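Asks: In this note's numbering, the protein residues as written are 12 to 284.
1. Since residue 204 is in the alpha helix (DSSP H), which residue starts that stretch and which ends it?
2. Could you tell me if residue 154 is buried or exposed, where buried requires 16 or more neighbouring beta carbons within 10 angstroms of its beta carbon?
3. Hey, quick one: how far does the alpha helix (DSSP H) through residue 138 stretch, first residue to last?
4. Determine the closest residue to residue 183 out of 259, 167, 93 and 97, with distance taken between C-alpha atoms.
5. Using the rule of at least 16 other Cβ atoms within 10 Å of the residue's Cβ for burial, across every protein chain shown, is residue 120 buried or exposed?
6. From 194, 102, 177 and 200, pick the residue whose C-alpha is nearest to that of residue 188; which is it?
7. Exposed or buried, which one is residue 245 when buried takes at least 16 other CB atoms within 10 Å?
8. DSSP on residue 111, reduced to helix/strand/coil?
9. How is the beta strand (DSSP E) around residue 51 delimited, first residue to last?
10. Check whether the Cβ of residue 203 sits closer than 7 Å to any heavy atom of the ligand GTP, and report yes or no.
11. Name the residue from 132, 274 and 176 whose alpha carbon lies nearest to the alpha carbon of residue 59.
12. With H, G and I counted as helix, E and B as strand and the rest as coil, what does DSSP make of residue 103?
13. Per DSSP, which residues does residue 149 bridge with? Please list them.
14. Counting only the same chain and skipping the five closest in sequence on each side, list residues whose C-beta sits under 7 Å from that of residue 148.
15. Rounded to the nearest angstrom, how far is the Cβ of residue 139 from that of residue 16, given a contact under 8 Å?
16. Distance, Cα to Cα, residue 142 vs residue 213?
17. What residues are listed by DSSP as bridge partners for residue 161?
What follows is the structure, given as structure tokens:
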């Protein structure tokens, strides 16, 4: 990767992170319980929001998983851009776009995690976004642009990932990348979230020291001719390095490298968790 290409990749990363709907805009995460729950910024709500009207309305989670919202009259709430009194709230299962409930600069939506539904809240004026401290990196190191051997799994194997929520997620792993560094052999196992890329969650000897302790993330193109290019200079912090309201995966034991990967993003200097 050339200097210009890496600079462009980092610029794209920064733009996505700081976008109005990026990870820095998160201001809330609450599990939904079965039954009605009043939602709003006033303290008498069951779910108290950090922004928005005192009473947004009442969310009802039915036994069959159906989630509905009864909007508080006069709250100034728009559901998918429309003024309504009642709405069914779709979650983000199977990658679909969840129903958006907007109020001012903030919005909420329902997500599905580990079989449970939760309320996630974003605000374009969140302090984590307006006071973002920037990204820091190790100096670029061409030696950490690794060409690994790709060993496919047929069929794909299951790999368990812990999360910052204390849950366990089982993912399909299509193969493993095997590479050498300083005369030693290392392996990493990715998952494939999109058709044209692989996604790695890894930790190394810098984790919890120079870099974020839980893990770092890294995307690559698909392998070609039995080889996979892994550029650790593009390793990035997970969303949970910037906000306590993200639901990040942790590096599994199989992806904890016994070597210091002095490449990619450093620990976020504006972090407090």
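By construction, the Cβ of each residue, glycine as well, lies at the ideal position given by its N, Cα and C atoms. All values reported here derive from a predicted model rather than from experimental measurement.
Replies: On the basis of the coordinates in this document:
1. Residue numbering aside, residue 204 sits at position 193 when the chain shown is read from its first letter. Residue 204 -> not in any alpha helix (DSSP H); beta strand (DSSP E) instead, spanning 202 to 205.
2. Here residue 154 refers to the residue found at position 143 of the chain shown. Exposed, because fewer than 16 other Cβ atoms sit within 10 Å of the Cβ of residue 154.
3. Position 127 of the chain shown, counted from the start, is the residue given in the question as residue 138. Residue 138 -> alpha helix (DSSP H) spans 138 to 141.
4. Within the chain shown, the letter at position 172 stands for residue 183. Residue 167 is the option with its Cα nearest to residue 183.
5. Residue numbering aside, residue 120 sits at position 109 when the chain shown is read from its first letter. When all chains shown are included, residue 120 counts as buried.
6. The sequence position of residue 188 within the chain shown is 177, counting from 1. Measuring from the Cα of residue 188, the nearest candidate turns out to be 200.
7. For this step, residue 245 is matched to residue 234 along the chain shown. With 16 or more Cβ atoms within 10 Å of its Cβ, residue 245 is classed as buried.
8. Within the chain shown, numbered from 1, the residue matching residue 111 stands at position 100. In this structure, residue 111 counts as coil in the three-state DSSP scheme.
9. The residue labelled residue 51 in the question sits at position 40 within the chain shown. Element bounds for residue 51: 46 to 51.
10. This structure simply doesn't include the ligand GTP, nor any ligand for that matter.
11. In the chain shown, residue 59 corresponds to position 48, counting from 1. Among 132, 274 and 176, the Cα nearest to that of residue 59 belongs to 132.
12. What you label residue 103 is simply residue 92 of the chain shown in a count that begins at 1. DSSP places residue 103 in coil when its eight states are reduced to three.
13. In the chain shown, counting from the first residue as 1, residue 149 sits at position 138. Under DSSP, no beta-bridge partner is assigned to residue 149.
14. One-based indexing of the chain shown puts residue 148 at position 137. Shown here for residue 148: same chain residues with a beta carbon closer than 7 Å to its own, the five before and five after excluded, namely 275, 276 and 277 in chain order.
15. Within the chain shown, the letter at position 128 stands for residue 139. Within the chain shown, the letter at position 5 stands for residue 16. About 29 Å; that fails the 8 Å criterion.
16. Position 131 of the chain shown holds residue 142. Position 202 of the chain shown holds residue 213. Those two C-alpha atoms are separated by around 28 Å.
17. Taking the chain shown and counting its residues from 1, the one referred to as residue 161 is at position 150. Per DSSP, 188.
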